[in-house]
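A.B. asks: For the sequence shown, numbering that gives the first Met the number 0 gives the first residue as 0, with consecutive numbering after it.
Have a look at this one before I ask anything.
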Amino acid sequence: MKPPAFTNLGDRLVLNFLNTLQHHRGQEIDLIDSPSRLVQWILYMEQNQWLSSYQRERLITQATWDLTEVREFRQYGRAFLGGDVSSLLFFNYLSDVSKQCPLTFSLIEYGTNFARVPIPDNGGTTGLLSLLSYDFMGLITNDMLSRTKQCENPRCIAYFVNRSGKRK
């Protein structure tokens, strides 16, 4: 059986990551059920321009993956967005995760513009979680948290940024 496809509806890298947990026919489906599926997700995020080639290369070169930590991050992030974890506890958690793998920044040219791109100092789990923590902090500090919503359909557990006020 072919594994379910990844989605690209989260409007942020971290929301797309949280959306790797889905419901299908009443069952919870973990789209990242192995280290190889995690690498496939990273490649998918690069193809959809949520990660740069520099970030992807750093993440998957000489990578060690701890799926327990990856799933814990996803579960904690979903709990925070669902209102089950206090802001203070979650901010401290993001800070602790970020300290495990510092980020450096590069300027990458996109046509006539430049983008500041965080590059983790390490690959694997610590690098990925540090990037996701950074992106979560951006979601919080760019006033996008109040527009981050979960699908209203009870069969859908995806998160997205509601930019129009109409998307449900």
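Beta carbons: idealized from backbone N, C-alpha and C, even for Gly.
Note that the coordinates shown come from a computational prediction; the quantities given were computed from them, not determined experimentally.
1. Given that a residue counts as buried once 16 or more other Cβ atoms are within 10 Å of its Cβ, and exposed if not, what is Arg11?
2. What residue from Val116, Gly82, Gln46 and Gly123 has the CA that sits closest to Leu37's CA?
3. If you follow the alpha helix (DSSP H) that Thr147 is in, where does it begin and where does it stop?
4. May I have the straight-line CA-CA distance separating Phe79 from Asn112, to the nearest angstrom?
5. Here's the rule I'm using: 16 or more other beta-carbon atoms within 10 Å means buried, otherwise exposed. How should Tyr158 be labelled?
6. Between which two residues does the alpha helix (DSSP H) harbouring Asp95 extend?
7. How would you write the range of the beta strand (DSSP E) that Thr103 sits in, first residue to last?
8. On the three-state DSSP scale, how would you describe Ala4?
9. With three or more beta-carbon pairs closer than 8 angstroms as the criterion, would you say the region 79-94 touches the region 48-60?
10. In the DSSP assignment, what are the bridge partners of Glu27?
11. For the alpha helix (DSSP H) that contains Asn15, what are its first and last residues?
12. Using only the alpha-carbon positions, how far apart do Gly137 and Arg24 sit?
C.D. replies: Taking the structure as given:
1. buried
2. That would be Gly123, whose Cα lies nearest to the Cα of Leu37.
3. Per DSSP, Thr147 belongs to no alpha helix (DSSP H); it is in the beta strand (DSSP E), Thr147 to Gln149.
4. Distance between the alpha carbons of Phe79 and Asn112 is about 34 angstroms.
5. buried
6. Ser86 to Lys98
7. Leu102 to Tyr109
8. coil
9. no
10. His22
11. That run of the alpha helix (DSSP H) goes Leu12 to Leu17.
12. Straight-line Cα distance between these residues: approximately 33 angstroms.
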